[in-house]
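Engineer: Just so we're aligned, residue 2 is where the sequence shown starts under our numbering, counting upward by one. Glycine is no exception: its CB is placed at the ideal position from the N, C-alpha and C atoms. This is the structure I want to talk about, given as structure tokens.
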Amino acid sequence: RYRYVVDDTGLTLTASASVGYVAGYSAFIVGDNGPERGVFTSGRADGENINGFQHYQFGLVADYSLNKLFNVSNRYGEFSVRGQLYYTDGISDNTAATTQLWGGVGIQLAY
2 RYRYVVDDTG
12 LTLTASASVG
22 YVAGYSAFIV
32 GDNGPERGVF
42 TSGRADGENI
52 NGFQHYQFGL
62 VADYSLNKLF
72 NVSNRYGEFS
82 VRGQLYYTDG
92 ISDNTAATTQ
102 LWGGVGIQLA
112 Y
């Protein structure tokens, strides 16, 4: 995670990256019923557990301070508008994962 504060604007950008690892949890095993990814099964017929890297994720979060915009003291907390955008994708063909682009916008109060 890396945070960058844009001086004198009230804008803060935070970039992040993460990776997920599955160790013997059968809910993430891709089923043998078809070639498509994401078909979940309760386990493999041979009893083998799959271990491995399941997914990676990149994200960008932008916070814009409403206190700075309206010249309000932080005495009662820091109000900001937060926008988030993330991209997630699978790594291994042996573990179930979906490709997603997701995010949102909201108002945050940090006290």
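1. Is it buried or exposed, Pro36, if we count other Cβ atoms within 10 angstroms and call 16 or more buried?
2. Can you check which of these residues, Ser81, His56, Phe59, is closest to Ala111 by C-alpha distance?
3. Please identify the residue among Asn72, Gln55, Val20, Ser19 whose C-alpha is closest to the C-alpha of Thr10.
4. Note down the Cα distance separating Gly84 from Asp94, rounded to an integer number of angstroms.
5. List the endpoints of the continuous alpha helix (DSSP H) containing Asn68.
6. Assign Asp8 to one of two classes, buried (16 or more other C-beta atoms within 10 Å of its C-beta) or exposed (fewer than that).
7. Got a sec? Which residues, its chain only, sit under 6 Å from Gln109 by beta carbon, not counting five neighbours each side?
8. Tell me which residue opens and which closes the beta strand (DSSP E) that Gly84 is part of.
9. Would you kindly work out how many angstroms separate the C-alpha atoms of Tyr22 and Asn68, rounded to a whole number?
10. Please identify the residue among Tyr88, Tyr26, Leu102, Ser74 whose C-alpha is closest to the C-alpha of Gln58.
11. Locate the beta strand (DSSP E) running through Tyr3, then write down its first and last residues.
Structural biologist: Reading from the atomic positions:
1. As a first step, residue 36 is located in the sequence shown; it is residue number 35 there, counting from the start. Unreliable positioning characterises Pro36 in this predicted model, as indicated by a pLDDT of 41, which lies under 50. The coordinate reading is nonetheless provided below. Exposed: under 16 other Cβ atoms inside 10 Å.
2. Position 110 of the sequence shown, counted from the first residue, corresponds to residue 111. Here the closest residue by C-alpha is Ser81.
3. Within the sequence shown, numbered from 1, the residue matching residue 10 stands at position 9. Checked all of Asn72, Gln55, Val20, Ser19; the closest Cα to Thr10 is Asn72.
4. Start at 1 with the first residue of the sequence shown, and residue 84 comes out as number 83. Start at 1 with the first residue of the sequence shown, and residue 94 comes out as number 93. The alpha-carbon atoms of Gly84 and Asp94 are separated by roughly 32 Å.
5. Your numbering for residue 68 matches position 67 in the sequence shown. Its alpha helix (DSSP H) spans residues 67 to 71.
6. The residue given as residue 8 occupies position 7 in the sequence shown. Counting Cβ neighbours within 10 Å, Asp8 comes out exposed, since fewer than 16 surround it.
7. Locating residue 109 in the sequence shown gives position 108, counting from the first residue. The answer, listed in chain order, is Ser81, Arg83.
8. Against the sequence shown, residue 84 aligns to sequence position 83. Start and end: 79 to 91.
9. Locating residue 22 in the sequence shown gives position 21, counting from the first residue. Locating residue 68 in the sequence shown gives position 67, counting from the first residue. Roughly 40 Å separates the two Cα atoms.
10. Working through the sequence shown from its first residue, we reach residue 58 at position 57. Closest option to Gln58, Cα to Cα, is Tyr88.
11. The residue given as residue 3 occupies position 2 in the sequence shown. That run of the beta strand (DSSP E) goes 3 to 7.
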